[in-house]
């Protein structure tokens, strides 16, 4: 990085800061994501690839920059998602817990305000989440399915695109100290 | 603990959450056999530990069990070794008994072939001193043993009785200094005497210096000493060397080649013939064995009596009369009908006395007793 790039300098300035949100945002954002995740595919099956709870988990993990908080957020959101799905409780919970934890850990090293970086991280953590979800299903539940790599990559790209827009929307609920 | 959790707070939270959800997952999920996954995991987690504990327990039990088995095996091994030693000793004794029985049987056979009346005796001791050349035997005057009687074995002469007590006797070996036996050579019928010198070999004396004797020549008793009946093997010429007064002929007594344990005392001696030497084919000449006798034909081999001795013409004639009488159903020696001796008698039964093999030991050593 060069000090002649003002955007990145600004990113460096904000690196290490933990964003804070209104308490309602912590509740409503995941709840809305889960509800949309439940209802959108019902009316728009083409959007079934969306993984909004994961995107919200990644967002709060990246912005809070605290692995414990990210893991806890992923756990709660994942369990709530499991509760509304036919999956056994814990499948999404464990996957999102890990995704939240590692996203928060990575956020301490990157400028998570950068849209490109957010896109890349969303893309990566979607694949990470899907792979871990598949591994849990195969290892713990005995599901003999193959990991759909091309489909996962495409969905990761689409979710990353949605994540870029969603993260911008959620930035509006950030409270400035 | 607090500092550890504080230092690894994030990781601790992560692990807590993951483990908690795993437990939750395991609690809900059941396997194909309808077993809760948490139970499967618990069993999977506990099984290696239980297996290790069980392996350790089995190893300990096996160790102590093996130890006790080993101790038991050692005691059993000691016991078996003792039993084996006792059995070996018993086997040795039985083998000695068997060998003794074989020797006694050989003596009995020999006694049956020799016309002399003999008494089987067992050696019970040797004379005191290494050069005594005497043996104690277990029969004495109460069994008819007297001084001057000959002691022999199937292999040859042993010596003579020099003392007879009621229950035992003392036999002087032919090798003893001063012991003498009259002998005749087998091939050229040369007469002389064997004299003991205290050595293993005896000296053949009173032979002409030009006598055609050679090593390997057999000497038989001549009966001239009035001790040994004629026709018993005495020994074989071992070597001939130049002595002070001519040739010195050393003879190895044939009966003393092996240690003596049994022998025969000749109570009533009967002289026999000295057997002729076996005809040896000339070197490089092939000689077939004699043909077998034709069926019904008289055997060319000399007929022999029940004791193996060759039959005389009178014996053969008596045998012919006996068979004639038997064929006519007449018992000889009783009053009544007289058999017709002009008729041909029935042929002798196969394997009868006339069918004795020509190469049997008796054929070489015996002749009919003289009247």
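Protein chains in written order, with my numbering: chain A, 1 to 177; chain B, 1001 to 1371. Even for Gly, the Cβ is constructed at its ideal location relative to N, Cα and C.
Item, Value
"Mind pulling the chain A residues with CB within less than 7 Å of residue 1024 of chain B?", "89 and 90"
"Using only alpha-carbon positions, find the residue among B:1123, B:1219 and B:1332 that is nearest to residue 1259 of chain B.", "B:1123"
"How about residue 2 of chain A: is its C-beta nearer than 8 Å to some C-beta of chain B?", "Unreliable placement is indicated for residue 2 of chain A, whose pLDDT of 40 sits below 50; the coordinate value is still reported in the next sentence. No - not a single Cβ of chain B is within 8 Å of the one on residue 2 of chain A."
"With distance defined between alpha-carbon atoms, name the residue in B:1060, B:1196 and B:1237 nearest to residue 1212 of chain B.", "B:1237"
"How close, in whole Å, do the beta carbons of residue 1181 of chain B and residue 1174 of chain B come, if the pair is a contact with beta carbons under 8 Å?", "6 Å"
"Listed in chain order, which residues of the segment 20–35 of chain A have Cβ atoms closer than 7 Å to some Cβ of chain B?", "none"
"Check whether the Cβ of residue 31 of chain A lies closer than 7 Å to any heavy atom of the ligand NAD, and answer yes or no.", "Questions concerning the ligand NAD fall outside what the structure shown contains, since it holds no ligand whatsoever."
"Applying the criterion that 16 or more other CB atoms from any shown protein chain within 10 Å of the CB defines a buried residue, is residue 82 of chain A buried or exposed?", "buried"
"Closest by CA to residue 1152 of chain B, which one among B:1178, B:1077, B:1263 and B:1199?", "B:1263"
"Is there a Cβ from chain A that is less than 8 Å from the Cβ of residue 1009 of chain B?", "yes"
"Measuring CA to CA, which of B:1143, B:1229, B:1217 and B:1285 is closest to residue 1240 of chain B?", "B:1217"
"For residue 142 of chain A versus residue 1022 of chain B, is the C-beta spacing smaller than 8 Å?", "no"
"Is the beta carbon of residue 139 of chain A sitting closer than 8 Å to the one on residue 103 of chain A?", "no"
"Tell me, please, which residues DSSP counts as bridged to residue 1315 of chain B.", "Paired residues: none, contrary to the question."
"Name, please, each residue of chain A whose Cβ falls closer than 9 Å to the Cβ of residue 1080 of chain B.", "What residue 1080 of chain B touches in chain A: nothing, since even the nearest Cβ is about 60 Å away."
"Need the endpoints of the beta strand (DSSP E) that residue 1185 of chain B sits in, please.", "1180–1185"
"At which residues does the alpha helix (DSSP H) containing residue 33 of chain A begin and terminate?", "23–43"
"Under 8 Å between the Cβ atoms of residue 58 of chain A and residue 99 of chain A?", "yes"
"If you follow the alpha helix (DSSP H) that residue 134 of chain A is in, where does it begin and where does it stop?", "115–139"
"Mind checking who residue 1125 of chain B pairs with in its DSSP beta bridge?", "B:1136"
"Could you check if residue 61 of chain A is buried or exposed, using at least 16 other CB atoms within 10 Å of its CB as the buried criterion?", "buried"
"Based on DSSP bridge pairs, tell me the residues matched to residue 1160 of chain B.", "B:1150 and B:1172"
"Look at the alpha carbon of residue 1272 of chain B and the alpha carbon of residue 1312 of chain B, and state the distance between them as a whole number of angstroms.", "13 Å"
"Please report the distance separating the alpha-carbon of residue 74 of chain A from that of residue 93 of chain A.", "7 Å"
"For residue 173 of chain A and residue 72 of chain A, which I take to be in contact (beta-carbon distance under 8 Å), what is that distance rounded to the nearest angstrom?", "Contact doesn't hold; Cβ gap of about 19 Å is too wide."
"Distance, Cα to Cα, residue 1127 of chain B vs residue 1276 of chain B?", "37 Å"
"Taking the alpha carbon of residue 39 of chain A as the reference point, which residue from A:108, A:52 and A:116 has its own alpha carbon closest?", "A:52"
"Compute the Euclidean distance between the alpha carbons of residue 166 of chain A and residue 1052 of chain B, then round it to the nearest angstrom.", "54 Å"
"Who does residue 1236 of chain B pair with in a DSSP beta bridge?", "B:1218 and B:1252"
"Does DSSP put residue 64 of chain A in a helix, a strand or coil?", "helix"
"Please confirm whether residue 1116 of chain B and residue 1274 of chain B have their CB atoms less than 8 Å apart.", "no"
"For residue 97 of chain A, decide whether its Cβ has a neighbour in chain B, counting only Cβ atoms nearer than 8 Å.", "yes"
"Tell me where the beta strand (DSSP E) around residue 1143 of chain B begins and ends.", "Segment: none, residue 1143 of chain B is in no beta strand (DSSP E) and carries neither H nor E."
"Assign residue 1198 of chain B to one of two classes, buried (16 or more other C-beta atoms within 10 Å of its C-beta) or exposed (fewer than that).", "exposed"
"Looking at the secondary structure, which residues open and close the alpha helix (DSSP H) in which residue 1333 of chain B lies?", "Run containing residue 1333 of chain B: none; DSSP gives neither H nor E here."
"Any beta-carbon of chain B closer than 8 Å to the one on residue 53 of chain A?", "no"
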